[in-house]
Amino acid sequence: MSTEFTEEQKNYLQGLVSGVETARAARGLASLSGAPVNGARMPQSAGSSGAAGTEPSPGAPELIHYQAQNRFIAEGKKLCPEEQAKRNRNPLDMWDYLQQHARDERNPKGTDVLLFKFHGMFYVAPAQDSFMCRLRMPGGILNSFQMRGIAEIAERYAGGYAHVTTRANLQLREIKAENLTNVLTSVQEIGLTSRGSGADNIRNITGCPTAGIDPQELIDTRPLAKQMHYYILNHREMYGLPRKFNIAFDGAGVISALEDTNDIGFSAVRVAEGKDIPAGVYFRLQLGGITGHQDFARDTGVMLTSEECVPVAAALVRVFIDNGDRTDRKKARLKYVLDRFGIEKYLEETEKHLPFKLRRFPLADCEPRPAVIKHAHIGFHAQRQPGLFYAGVVLPVGKMTLEQMRGIEDIAERYGSGTIRLTVWQNLLISDIPEERIQSVKDEIKALGLDWNAASVRAGLIACTGNGGCKFSASDTKGQAMQIADYLETRVQLDQPINIHLTGCPNSCAQHYVGDIGLLGAKVEVGEEMVEGYHLYLGGGYGASQKIGREIYRDVPFAQVPPLLEKMLTAYQGYRLNPVESFQDFTARHSIEQLKALFEQTTIAA
């Protein structure tokens, strides 16, 4: 008889042994680690240091995850396949396994696809028969040397381009299996990493892209983003969470960090003299943002000093590790623990991991946040340093060619300080440009086929990967976003910034709910065919304009989307109260029925 087990048999046997181990441990009996099952040893994954499901040694950082899984098993529940895969072997200990795949030019199968993401390597079949590598860089900041190195990696091992993501980092695509470890080692050689950038881990730490150069910021968030980044890299228990996790630091600058869309958001506030705490700058703690599920992060009432932020974030994550659902991935995000516990109980559990009590302070006693300037991430703007400016460069749906990457690093090196700042809006900033060099920088940006015009449709266009590189996407979001831009920019002259977000599936990587106009990919029935299309949402916002967009149309074939958007923008400009009324305010004044009527009566050129 064959000694090979099917995937279903493996999961059954592993769950059975895990349950027996838990029951024996509860009775004080010795572990069965390594014992045979029905005469044949349990199937083990390459890279495993013992029998599948073997408990880590006392004091091991990853023990906290194993114990959390045990609690579900003890209750008679079955771990989901992804949790069982992480239980069978620690994904961080797979280097030899990755190398063997590269030598064999072999792609991962089954739950190995998830485990490879712990190293930032995404096997994206069937969209592409290749890997995508997602990097991580704290606060989205890198230097010209690193940009040059990324271009070299893209040329040598990937598809010759890079994408800026909505977490202010970079992705490389079209990587063949043979180059798995070549890419990972090359990334490390330029001082970057992809570790934990995917799967059930804390994603790239974001902050204000203008941190340290912003004229109005209350605090520079760069040190905090770095501290959190390195804390994660050096604490193994920060990997393998119940689901993915996002953390952001907002320093109250002109460009928001979108912290209210994160699981943990830190928002800088100032407290004046005469209050119950010393005057100064603090961070307010927000929890539970997940706009794909139509929830913003909620203010907890907690005020933190800068020194307290990283320890508190780590404690909050540990409570999530202990209590996040390990059986149903659809209910495994932090939001669902908060819904079950409530904010106060969650904070009580967090304090058990801290050497101090959390400080409470009324939001009303904090000074209002300085205003966000919409689209300050595009164009030329004065820095806090006299005589210096930053340039916000529009990238077509976040894509850069090799020529553009090398051109950007050259501009940053010759005209600035060599600093390049990525944003959650899928564009980038080049900082520290002397005023007298602005025209030269404009000319060179244009020569690269890029722009800095904030009034263009492209400036506010955000798109997820789409079905060209993601199996979950129903539509070609990036390609269709460019078609929308080409269509609208010849027909509509914008005088107010408009954000148009295209996302291919309900996971909402492009956060369609917070755009002025949000498009959610869908398959639409036209005659006897299913074609690519979208559901349309209007009036979303973030920060002081925080609002979930309202659905206005469903199942619109893509061919009808560009002219429909033209009608929307034309009606907005024709029926707004005054030239400065925002698109969000305009849509908020009308019901869905009223908006539809306005759009239908608006005529556009054929």
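Counting from 1, position 263 in the sequence shown corresponds to residue 1098 in this note's numbering; the numbering is continuous, with no gaps. Using N, Cα and C, we set each Cβ at its ideal position, and we do this for glycine too.
task: Assign Arg-1078 to one of two classes, buried (16 or more other C-beta atoms within 10 Å of its C-beta) or exposed (fewer than that).
output: buried
message: If the criterion is Cβ atoms closer than 8 Å, does the pair Leu-1371 and Val-1391 meet it?
response: yes
- prompt: Is Gly-1284 buried or exposed, if buried means 16 or more other CB atoms sit within 10 Å of its CB?
  reply: exposed
query: Where are the alpha helix (DSSP H) runs, 4 residues long or more, that stay fully inside the region 1001–1081, in chain order?
result: Entirely contained in the region 1001–1081, the alpha helix (DSSP H) runs reaching 4 residues are, in chain order, 1015–1024, 1057–1068.
message: Along the chain, where does the alpha helix (DSSP H) containing Met-1240 start, and where does it finish?
response: 1237–1250
Proximity below 8 Å, CB of Ser-1102 to CB of Glu-1094: yes
task: Could you tell me which residues DSSP puts in a beta bridge with His-1336?
output: Ile-1297, Gly-1353
message: Can you tell me whether Cys-1144 is helix, strand or coil according to DSSP?
response: helix
task: May I have the straight-line CA-CA distance separating Tyr-1181 from Asp-1200, to the nearest angstrom?
output: 24 Å
message: Measuring alpha carbon to alpha carbon, tell me which residue in Ala-1132, Ala-1114, His-1064 is nearest Gln-1381.
response: Ala-1132
task: Compute the Euclidean distance between the alpha carbons of Ile-1333 and Arg-1389, then round it to the nearest angstrom.
output: 21 Å
message: Taking 8 Å as the cut-off, does the region 997–1004 touch the region 1226–1235 (at least 3 CB pairs, one atom from each stretch)?
response: yes
- prompt: Which partner residues does Val-1229 have in the DSSP bridge list?
  reply: DSSP lists Asp-1286 as the bridge partner or partners of Val-1229.
Burial state of Thr-838 (16 or more Cβ within 10 Å): Residue placement at Thr-838 is poorly supported in this model, since its pLDDT is 48, which falls under 50; the coordinates still yield a value, given next. Looking at its Cβ environment, which holds fewer than 16 other Cβ atoms inside 10 Å, Thr-838 is exposed.
- request: To the nearest angstrom, report how far apart Glu-1271 and Gly-1301 are at their CA atoms.
  value: 41 Å
- request: Pull up the distance between the alpha-carbon of Ser-868 and that of Arg-906, whole angstroms please.
  value: For Ser-868, the pLDDT reaches just 41, beneath the cut-off of 50, and the residue's location in the model is therefore unreliable, although a value from the coordinates is still provided. Looking at the two C-alpha atoms, the distance is approximately 19 Å.
Per-residue burial, His-1064 [other beta carbons within 10 Å of its own, 16 or more giving buried]: buried
Proximal residues to Leu-927 (C-beta, below 7 Å), its chain only, five neighbours per side dropped: Cβ within range, chain order: Phe-953, Arg-1071, Tyr-1074.
- prompt: Relative to the alpha-carbon of Glu-1179, which residue among His-1425, Ala-1167, Asp-1160, Leu-1151 has its alpha-carbon at the smallest distance?
  reply: Leu-1151
Nearest candidate by alpha-carbon position, reference Val-1172, set Val-1137, Phe-1191, Gly-1124: Gly-1124
task: Report the partner residues of Ile-1099 according to the DSSP bridge assignment.
output: Bridge partners of Ile-1099 according to DSSP: Ile-1082, Leu-1122.
- request: Consult DSSP for Pro-1269 and reduce its assignment to one of helix, strand or coil.
  value: Here Pro-1269 sits in strand by DSSP.
message: Rounding to the nearest angstrom, what Cα-Cα distance links Pro-973 and Lys-921 in this structure?
response: 26 Å
message: Can you tell me whether Pro-1113 is buried or exposed? The criterion is at least 16 other CB atoms within 10 Å of its CB, across all chains shown.
response: Flag for Pro-1113 reads exposed.
query: What does DSSP give as the partner residues of Met-1138 in its beta bridges?
result: Arg-1119, Arg-1194
message: Can you give me the C-alpha to C-alpha distance between Met-956 and Ala-993, rounded to a whole angstrom?
response: 12 Å
message: What does the alpha-carbon distance come out to for the pair Met-1138 and Pro-893?
response: 35 Å
task: Keeping to the same chain, check which residues put their C-beta closer than 8 Å to that of Leu-1122; ignore five residues upstream and five downstream.
output: Closer than 8 Å at the Cβ level, and outside the excluded window around Leu-1122, lie Asp-1098, Ile-1099, Gly-1100, Ala-1132, Arg-1133, Thr-1135, Leu-1151, Leu-1169, Leu-1173, Ile-1178, Tyr-1181.
message: Which of the three DSSP states is assigned to Pro-926 in this structure?
response: helix
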